[in-house]
Each structure stands twice: as C-alpha cells, then as structure tokens.
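Trainee:
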Amino acid sequence: RRCVVTVSSLTVRGRRGATVVLEDTTGVEQAEQMRRDFVANVSHELRTPLTALMGFIETLRGPARDDAAARERFLAIMDREAGRMNRLIGDLLSLSRVEQEERRRPSDRVDLATLVRSACATLGPTAQAADVTLRQIGTDRAAPVMGDADQIQQVLHNLIENAVKYGSRTGGEVRATLSHVAHEPVLRGPGWAIEIADNGEGIDEVHLPRLTERFYRVDTHRSREKGGTGLGLAIVKHIVARHRGRLKIDSAKGLGSRFTVILPEWTSAGSGAPQG
Ligand code: ADP
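Given below as structure tokens:
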C-alpha cells in the first residue's frame, strides 16, 4: 500500500509536540494510474486508424493518383478505417454517459421480452450474413423490469453481436433465452435472466476475469479485423451495474460461451432489489 506521512510541530500550553498524519493514498494512486492508462489506450486506438488514413491520403496524392483501380481499393480501406474511428468515438461517448448516470437508477417499466425480440430482429441480417442461426426462447410472455430501454437494448446488441462475431463458426447457432428467476441470491429477490449462448470457440478461462475491462481483448488483431473497439463488454458491465443487476460469464474453450444478465423483477412497489 502507498502512504503519505505529514509531520507538523505544535505547542500546547507551552509544551512542544508534534502531529503525525498518515494518509492511505493507494486508492487515489490506483485511480490516477487507471486514468492515465485509459488516456494512453484511447490515444493509441485512435492513432492506429488515423495513421492508416494519413498514409492512404499521401498515396492517393502521389503514386496512386492515376491508378483508378488502386484508388477504389484505397478508398474502401479508408472508409473502413474512418468507420472504426467513428465506432470507437461512439463507444467512448456511451461509456462516459453510462458512467455519469451510474448513480441514478433507471425508473421506467420496460419489458425484456420486447427488447430481446427487437434485438434479434435488428441483428437477424448480421447473423444471416455470418451463416449463424439466431434463436430466441421464452420471449412470448412479458418480463417486466425497472430499466432504461435504450441501455438494455445496447447490452443485448453488444452480447448478441459478440456471440455472432466471435462465438460461432459457420453454420453455428446463437440462442437468446429469457427466463424467470424466483430468487437471485446476489439481487436478494426475483429477477429475469437473459442468456446469450453460442456454440463457438469459447474463451480460455485465464481471460475471463479481465474480459469486461476497457480495451481488453483475447485477440487484438481478430477484434480489430471484426470491427471491434474493445469497449463493448465494459459498456455492458456498467449498464448492468446501473440496473443493480448481475452479469455472469461462463465459457469453455472449444465448446462456446454463455453471457447471462439478470435484472431485478419490476414490482409495483419498485423493483425487487435493495436500493443503494
Ligand atoms: P470487442 O469490441 O473487441 O468485441 P468486447 O468488449 O465486446 O470488445 O469483447 C472483448 C473481447 O472478448 C473480444 O475482443 C473477444 O476476444 C472476447 N469475446 C467477447 N464475446 C465473445 C464470445 N461470445 N466468444 C468468444 N470471445 C468473445
């Protein structure tokens, strides 16, 4: 641990003495280090596509100026890199918004079944393009929770998109299952669980504890190739925390992964979980 010691002399009724103040600064220093790491990571993540863009601009002005085929090829790459920067900035803004709102508990009554159906409909074409079957189970009855519909939609979107992107081989299957939990011990009450499961490559267990850290990826090259920003699961974690919910990650290398989000059930007297 890190400690700051401040010693000052003092005189009480003519007698000289000293005060010693011991201050534990471990937490403050850790937070400061995390902030520095984050700024360094963001700068690096933005610089990578920016360097590519600048390089191609230079090439288009010079050697490729009169080569129509090369120009088209380079413009397609520049388009992809600009898209990457745009996604990164979008995710950074989402993350900062969620962090700002984390103390304010969402108060709308939202139906998880409707949100799961809508996320599956939105991502249907993405799954189809990857030759993955996207199935929804248990979404035929209402599942009311106290929440923020846009944020829960983002959680579902990130988890299903990841399952399609990393978790499934060609011809694989992603299942979104909604079920009622009579008593969730951590939430200390009833809840609704959404499970996003894939039968893909799985994640080695050494990675699991760090998976929701900002910019943590199992395979950075693969994530970049697939258009990932490394922020998706960090956003999920913060949104679930804001909802006083739980996020569980189970995975077995070679068999697949299961991401489960459990949110407190909505009740007319407020949601089931303890207020905090
Ligand atoms: P990214 O933008 O890279 O997808 P995320 O925070 O969403 O960032 O995910 C972090 C990393 O976790 C990914 O880069 C990937 O390596 C791994 N991952 C996430 N979901 C899955 C999954 N369903 N199957 C295998 N690996 C996954």
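If you're matching positions, the sequence shown starts at 85 in full-length UniProt numbering and goes up one per residue.
Each residue gets a CB set at the ideal place from its N, CA and C atoms; glycine is no exception.
All figures in this text were calculated on a predicted structure; none of them were measured in a lab.
Nearest-angstrom Cα distance between Val104 and Glu116?
Mentor: Val104 and Glu116: Cα-Cα distance of roughly 25 Å.
Trainee: Would you check if the region 280-287 and the region 251-261 touch, i.e. whether three or more CB-CB distances between them fall below 8 Å?
Mentor: yes
Trainee: For Gln184, count neighbouring Cβ atoms within 10 angstroms of its own Cβ and tell me buried if that reaches 16, exposed if not.
Mentor: exposed
Trainee: Say the cut is 7 Å; is the CB of Asp303 nearer than that to a heavy atom of the ligand ADP?
Mentor: Within the cutoff, so yes.
Trainee: If we ignore side chains and look at the alpha-carbon of each, how far apart do Ala102 and Thr90 end up?
Mentor: 10 Å
Trainee: Given that a residue counts as buried once 16 or more other Cβ atoms are within 10 Å of its Cβ, and exposed if not, what is Arg188?
Mentor: exposed
Trainee: Does the Cβ-Cβ distance between Asp175 and Leu315 come in under 8 Å?
Mentor: yes
Trainee: By DSSP, does Ile333 sit in helix, in strand, or in coil?
Mentor: strand
Trainee: What is the DSSP secondary structure of His327, counted as helix, strand or coil?
Mentor: coil
Trainee: Looking only at C-alpha atoms, which of Arg131, Ser127, Phe122, Glu165 sits nearest to Glu309?
Mentor: Glu165
Trainee: I'd like to confirm something about Ile323: is its beta-carbon nearer than 7 Å to some heavy atom of the ligand ADP, or not?
Mentor: no
Trainee: Which of the three DSSP states is assigned to Arg294 in this structure?
Mentor: helix
Trainee: Which value, in whole angstroms, describes the spacing of the CA atoms of residue 373 and Asp195?
Mentor: Outside the shown range of the chain (85 to 360) lies residue 373, about which nothing can therefore be said.
Trainee: What number of angstroms, rounded off, separates the C-alpha of Leu144 from the C-alpha of Arg306?
Mentor: Distance between Leu144 and Arg306, taken at the CA atoms: about 28 Å.
Trainee: Looking only at DSSP bridge pairs, what is Trp276 linked to?
Mentor: Trp276 is bridged to His264, Leu347.
Trainee: Please report the straight-line C-alpha distance between Thr206 and Val290, rounded to a whole angstrom.
Mentor: 32 Å
Trainee: State whether the region 265-277 contacts the region 233-240, with contact taken as three or more CB pairs (one from each stretch) at a distance under 8 Å.
Mentor: In short, these stretches do not touch, since the Cβ pair count stays below three.
Trainee: Could you tell me the distance, in whole angstroms, from the CA atom of His327 to the CA atom of Arg168?
Mentor: 29 Å
Trainee: Leaving aside the five residues before and after Glu186 along the sequence, list all residues of the same chain whose C-beta is less than 7 Å from its C-beta, in chain order.
Mentor: His322, Ala325, Arg326
Trainee: Quick check on Gly356: buried or exposed, where buried means 16 or more other Cβ atoms within 10 Å of its Cβ?
Mentor: Its pLDDT being 46, under 50, Gly356 is placed unreliably by the model, and the measurement read from it follows with that caveat. So Gly356 counts as buried.
Trainee: Using CA atoms only, rank isn't needed, just tell me which of Phe140, Gly208, Leu199 is closest to Arg238.
Mentor: The amino acid occupying residue 238 in the given sequence is Gln; Arg does not appear at that position. Of the candidates Phe140, Gly208, Leu199, the one whose C-alpha sits nearest the C-alpha of Gln238 is Leu199.
Trainee: Rounded to the nearest angstrom, how far is the Cβ of Ala336 from that of Gly286, given a contact under 8 Å?
Mentor: 5 Å
Trainee: Go through its chain and collect everything with a Cβ distance to Arg155's Cβ below 7 Å, but skip five positions before and after it.
Mentor: Closer than 7 Å at Cβ, skipping near neighbours: Leu144, Ala148.
Trainee: Whose C-beta lies closer than 6 Å to the C-beta of Thr110 among residues of the same chain, with five residues either side of it excluded?
Mentor: Arg85, Arg86
Trainee: Any idea if Met216 is buried or exposed, counting beta-carbon neighbours within 10 angstroms, 16 or more meaning buried?
Mentor: According to the sequence provided, residue 216 is Val. The question's Met does not apply to it. That one is buried.
Trainee: Our contact map puts Gly329 next to Leu317 with C-beta atoms below 8 Å; I'd like the distance itself, whole angstroms only.
Mentor: In fact, because the Cβ distance is near 14 Å, the residues do not count as touching under 8 Å.
Trainee: Since Ser92 is in the beta strand (DSSP E), which residue starts that stretch and which ends it?
Mentor: Counting along the chain, the beta strand (DSSP E) containing Ser92 begins and ends at 87-96.
Trainee: Would you report the Cα separation of Arg342 and Glu129, rounded to the nearest angstrom?
Mentor: 28 Å
Trainee: Would you say the beta carbon of Ala214 comes nearer than 7 Å to a heavy atom of the ligand ADP?
Mentor: No, Cβ of Ala214 sits at least 7 Å from all heavy atoms of the ligand ADP.
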